[in-house]
Amino acid sequence: MPDIAVYPGSFDPITNGHLDLIQRASKIFDRIIVAVATNAFKQSLFTIEERLEMVRISLEGYPQVSIDTFDGLLVKYAKGKNARAILRGLRAVTDFEYEFQLAMMNRRLEPGVETVFLMTGLRWVFLSSSILKEAAIHGGDIEGMVPEIVHRKLKEKFGLT
Ligand code: ADP
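All you need for the working numbering is the position in the sequence shown, starting with 1, plus 111.
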């Protein structure tokens, strides 16, 4: 049986921090399913179609990685995909409390699926999709923090040149 990990997130939009994590996780797992949350309760800047397109283009040339959407209970989704692990990233200390609670809840709901954390790449320790959007909205130069397609889409969205 291949070792499958599900990497869930909003990916609103995908950043180089996410990509770094996926690259490192590819050395550990046989297959990674990037699962984009359709987010019924969370407001997103990009639609699910836009987020998926950016993820798909950014991950071209990663044969081990497949892309999917999910809603509802994550552990149920992961189990349905025969995943052994849920992959999450940890940046500075502020991520810890929320991720800890989430992992504990998921373990309680489904003890057969472990949550595995990878530390952020040092270059991306400050980078989150929300900070990135905040900078882009106000015209900040976000080049080099996101894949080319995301840079283009953000420019389109905010009418930047
Ligand atoms: P969510 O809304 O589920 O937090 P995100 O797309 O913001 O979705 O994040 C998905 C996962 O990627 C989370 O585990 C988050 O901690 C991780 N992540 C986001 N940005 C980075 C980064 N710069 N470095 C490492 N991990 C990151």
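All residues carry an ideal CB built from backbone N, CA and C; glycine is no exception.
Practice task
Kindly examine ligand 1 and report whether one of its heavy atoms sits closer than 8 Å to the Cβ of PHE122.
Solution key: Yes, the beta carbon of PHE122 sits closer than 8 Å to at least one heavy atom of ligand 1.
Practice task
Decide yes or no for the touch test of the region 246 to 261 against the region 120 to 133: beta carbon pairs closer than 8 Å, at least 3 of them.
Solution key: yes
Exercise for the section: Would you check if the distance between the CB atom of ILE178 and the CB atom of VAL204 is smaller than 9 Å? Expected result: no
Handout entry: Exposed unless 16 or more other CB atoms sit within 10 angstroms - verdict on MET165
Key = buried
Practice task
Taking ASP179 as part of the beta strand (DSSP E), name the residues at either end of that continuous run.
Solution key: 176 to 181
Handout entry: Secondary structure, beta strand (DSSP E): runs of 3+ residues fully inside the region 169 to 224
Key = 176 to 181, 196 to 201
Practice task
Count the other C-beta atoms from every protein chain shown that fall within 10 angstroms of the C-beta of LYS244, then say buried if there are 16 or more, exposed otherwise.
Solution key: buried
Practice task
Give me the Cα-Cα distance between LEU265 and GLN154, rounded to the nearest whole angstrom.
Solution key: 17 Å
Exercise for the section: Within its chain, find whatever has a CB closer than 8 Å to the CB of ILE133; leave out the 5 residues flanking it on each side and keep chain order. Expected result: TYR118, ILE143, VAL145, LEU170, TYR173, VAL176
Handout entry: Proximity test, THR158 beta-carbon vs ligand 1 heavy atom, cut-off 8 Å
Key = no
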